[in-house]
Amino acid sequence: MTVWLFDEESFVPVAMIKEGRSYSILTDQLGTPTEAYDAEGNEVWSRVLDMDGNVIGETGNKGMVPFLFQGQYYDRETGLAYNRFRYYSPEMGIYISSDPIGLAGGFNTYAYVKDTNTWVDVLGLSGELVYQLIRDNKVVYYGITSRTALERMAEHGKTKVFDNMEILADGLTHDQARSIEGALIRQRLKERADDWSDFDSIKARLDKSGLDNRNRGRIKERWTSENPLDDLRDKIYKKPKKVKVGCKS
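In full-length UniProt numbering, the protein residues as written are 1 to 249.
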């Protein structure tokens, strides 16, 4: 029996236990396995992939680590990688079935991510994401985007002052993302209600609540539900994922 251990709140493999022996798994910045070592520190496996996930070189126990890009289980016989909701073909660089969330993931419903050097699609549902900007260890902005986190981070760098960007949820439809964003903004306003008055403008209320947002986001009547933070909780990360230069985390 083989037991896999994954990094918390992700599909990044960190260790394997097989027949009483333990192995450490090293990955790149995106969580793609690259090397494996036994308990004595000996390298027992390594692999290099091209940008689409095709194997360029593999040493040691071939097939020891069956994971391709993060979230993908690779089947050596078919040459396809299972992404929970559909199959990905490294040879073609696309999914072989249409995106279950339809056009919410983009106009090309068979496409993988825009840039495999900076982005992953762990479920095969590449849609919109909800994020927050951090300044002085405080959340100062909530937003959504259909672009990569790094692209959006670069855009904000031109107009906003912040220290870090964190992903709260991804693989969402546009309506789901807008609903979560709006609920988060209103939650902050409610928490800081003592800092503003009914005579303040919306912008003033946001400022006094410590947010750089210009409005409260989508109106509640257009949310996917009355309480999106509860009803979509299974899509929200328990621990926000910090975006680092060169990767999504």
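Glycine included, each C-beta is placed from N, C-alpha and C at the ideal position.
Source: prediction; values computed, not measured.
Worksheet entry | Proximity to E155 [Cα-Cα], best of G79, D175, A169, L133 | Nearest C-alpha to E155: L133.
Practice prompt. Go ahead and label S225 buried or exposed: buried means 16 or more other beta carbons lie within 10 angstroms of its beta carbon, across all protein chains shown.
Written response: exposed
Worksheet item: What is the DSSP secondary structure of M92, counted as helix, strand or coil?
Response: coil
Worksheet item: Taking the alpha-carbon positions, what's the T34 to E191 distance?
Response: Rounded to whole angstroms, T34 to E191 spans 45 Å at the Cα level.
Practice prompt. Taking only the alpha-carbon atoms, compute the straight-line gap between A193 and I185 and give it to the nearest angstrom.
Written response: 12 Å
Discussion item. Cutting at 6 Å between CB atoms, please list the residues of its own chain near M16, excluding the five before and the five after it.
Written reply: W4, Y23
Worksheet item: Apart from the five residues on each side of it in sequence, which residues of its chain come closer than 7 Å, Cβ to Cβ, to N164?
Response: If we look at N164 and ignore the five residues flanking it on each side, its Cβ neighbours are I134, K242.
Worksheet item: So D212 packs on V140, CB below 8 Å; how close in whole Å?
Response: Between V140 and D212 the Cβ distance is about 5 Å, and since that is below 8 Å, they are a contact.
Worksheet entry | Distance CB(I96)-CB(L168) smaller than 8 Å | no
Fill in: Host beta strand (DSSP E) of G60 (start-end)
55-60
Worksheet item: According to the neighbour-count rule (16 or more other Cβ atoms, all chains shown, within 10 Å of its Cβ), is A39 buried or exposed?
Response: Result: exposed.
Worksheet item: Assuming L129 and A177 make a contact with CB atoms under 8 Å, what is their CB distance in whole Å?
Response: 7 Å
Discussion item. Closest to K238 by C-alpha separation, out of D170, L206, R214, would be which residue?
Written reply: D170
Worksheet entry | Coarse secondary structure for L68, derived from DSSP in three states | coil
Discussion item. Mapping the DSSP letters down to three states, classify Q132 as helix, strand or coil.
Written reply: strand
Discussion item. What residue range does the alpha helix (DSSP H) around E151 cover?
Written reply: 149-159
Worksheet item: Can you tell me whether E77 is buried or exposed, with buried defined as 16 or more other CB within 10 angstroms of its CB?
Response: exposed
Worksheet item: Among L189, D52, V12, which has the Cα closest to the Cα of L80?
Response: D52
Discussion item. In the DSSP output, what is F6 paired with across the bridge?
Written reply: P13
Fill in: For G143, the first and last residue of its enclosing beta strand (DSSP E)
First-last of the beta strand (DSSP E) with G143: 138-145.
Discussion item. Measuring only the C-alpha atoms, how far is T148 from K244?
Written reply: 12 Å
Discussion item. Need the endpoints of the alpha helix (DSSP H) that A81 sits in, please.
Written reply: Note, A81: premise wrong, no alpha helix (DSSP H); beta strand (DSSP E) at 80-82.
Worksheet item: Excluding the five sequence neighbours on either side, which residues of its own chain have a C-beta within less than 8 Å of the C-beta of R152, listed in chain order?
Response: Taking R152 as the centre and dropping the five residues before and after it, the same chain places the C-beta of Y131, G143, T145, M165 closer than 8 Å to its C-beta, in chain order.
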